[in-house]
């Protein structure tokens, strides 16, 4: 699979166009429709700025591979794409005939929208802090609105901290990180309202050594439980024999004595909606964030695994009660995008 972008020669581009023309001609002769049939897989490409192992991107990658295995899409991707190279890679995928392009454009918003404007027949579904624009009908946005699951994991964390001092290590203080941290903190206070928080950001989406060192400092500051928004935090917790709460993915199998709970993001509802819209010819500028909400199946609390039975029964009963209320709409977890502060 392509990594770090794809490169096509002018010859290969002409070959692709000639092949497409031949196919269209054959369809016309045979009396077949030339437009995409609903049962045909659509060509999907993704452009990632980090490795596909990174938490956030891994969930998009997982959903895309599931759709590929079902036969709904053809899927290729580029990982570790620098911001400076992002626009070029997007354009080459669009030129290659991909009908849906995925990615995260937090650092290249203007360039990404410029590409979408130049390819109105291609659907773009991009992780973004900004809203869709009706003037750009083929560009939709999404985000990991998993505050519901983060809140529930906080309820558990509040019951498991003994020092009432929790360390939190994030990548950047942007809305998609802030809202999860704030929801987690609100959940903690449901169980332990007097808890103090140490909040830090490492200025990177993927720097496990830096996240680990930051977590060590928070443990030295009295934290006996860590919120692992970034890779590296759970490693620090394991070494120092304190607990951790995971984010986006379930790492309990890797840290069976450390990770007590995790808030999981499920990108499948988001991607499946986009695929259906592209196939139906009805894709439009929209905010797909709602498909990450718990009631849409976009997030969940991971199984407790080795911590089953170690979290007090009354706490898990409270979690179950809140989860039911979230799903039936009688309780709403606040979406707070403000930067969380240490307390």
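In full-length UniProt numbering, the protein residues as written are 1 to 343.
The C-beta atom is built at its ideal place from N, Cα and C for all residues, glycine as well.
Within 10 angstroms of the beta-carbon of residue 83 lie fewer than 16 other beta-carbons, which makes it exposed. Beta-bridge analysis with DSSP links residue 201 to 170. Per DSSP, reduced to three states, the secondary structure at residue 287 is strand.
DSSP places residue 227 inside the beta strand (DSSP E), whose first and last residues are 225-228. Burial state of residue 59 is buried, judged by a 10 Å Cβ sphere holding 16 or more other Cβ atoms.
For the pair residue 279 and residue 268, the Cα-to-Cα distance works out to about 16 angstroms. In the DSSP assignment, the residues bridged to residue 74 are 43.
Note that the stretch 163-173 touches the stretch 192-201; at least 3 beta-carbon pairs, one per stretch, sit closer than 8 angstroms.
A straight-line Cα-Cα distance of about 13 angstroms links residue 232 and residue 243. For residue 172, the closest C-alpha among the options 153, 154, 200 and 146 is that of 200.
Membership of residue 139 in the beta strand (DSSP E) is indicated by the continuous run 139-142. Here the alpha carbon of residue 92 sits roughly 44 angstroms from the alpha carbon of residue 186. Here the alpha carbons of residue 43 and residue 71 stand approximately 11 angstroms from one another. Residue 78 counts as buried, since no fewer than 16 other beta carbons sit within 10 angstroms of its beta carbon.
Under the three-state reduction of DSSP, residue 164 is assigned to coil, being neither helix nor strand. Residue nearest to residue 203 within the set 300, 237, 107 and 326 is 107 (criterion: CA-CA distance).
With at least 16 other beta carbons inside 10 angstroms of its own, residue 340 counts as buried. Your pair residue 236 and residue 219 checks out as a contact, with CB atoms roughly 7 angstroms apart and the cut at 8 angstroms.
Residue 332 sits exposed, since fewer than 16 C-beta atoms from the chains shown fall within 10 Å of its C-beta.
Between the alpha carbons of residue 240 and residue 274 lies a distance of about 43 angstroms. Around the C-beta of residue 338, fewer than 16 other C-beta atoms lie within 10 Å, and the residue is accordingly described as exposed. Of all C-beta pairs linking the stretch 149-161 to the stretch 128-138, fewer than three are shorter than 8 angstroms, placing the two stretches out of contact. Counting every other CB atom within 10 Å of its CB across the protein chains shown gives residue 131 a total below 16, marking it as exposed.
If only uninterrupted beta strand (DSSP E) runs of at least 3 residues are considered, those enclosed by the stretch 84-147 are 100-104, 123-127 and 139-142.
By the criterion of a C-beta distance shorter than 7 angstroms, residue 214 is surrounded in its chain by 169, 200 and 202, once the five residues flanking it on both sides are discounted.
About 12 angstroms separates the Cβ atoms of residue 151 and residue 293, ruling out a contact at the 8 angstroms cut-off.
Here the alpha carbons of residue 98 and residue 65 stand approximately 16 angstroms from one another. In the DSSP assignment, residue 182 falls within the alpha helix (DSSP H) that extends over 175-191. Restricting attention to 174, 207, 157 and 133, the CA atom closest to the CA of residue 336 is found in 174. For residue 334, the closest alpha carbon among the candidates 179, 217, 305 and 228 is that of 179.
A residue is called buried when at least 16 other Cβ atoms come within 10 angstroms of its Cβ; residue 342 does not meet this threshold and is exposed.
The Cβ atoms of residue 112 and residue 105 lie closer than 8 angstroms to each other. The three-state secondary structure of residue 244, taken from DSSP, is strand. Within the DSSP secondary-structure output, residue 265 pairs in a beta bridge with 299. Taking the CA atoms as reference points, residue 115 sits about 23 angstroms from residue 56.
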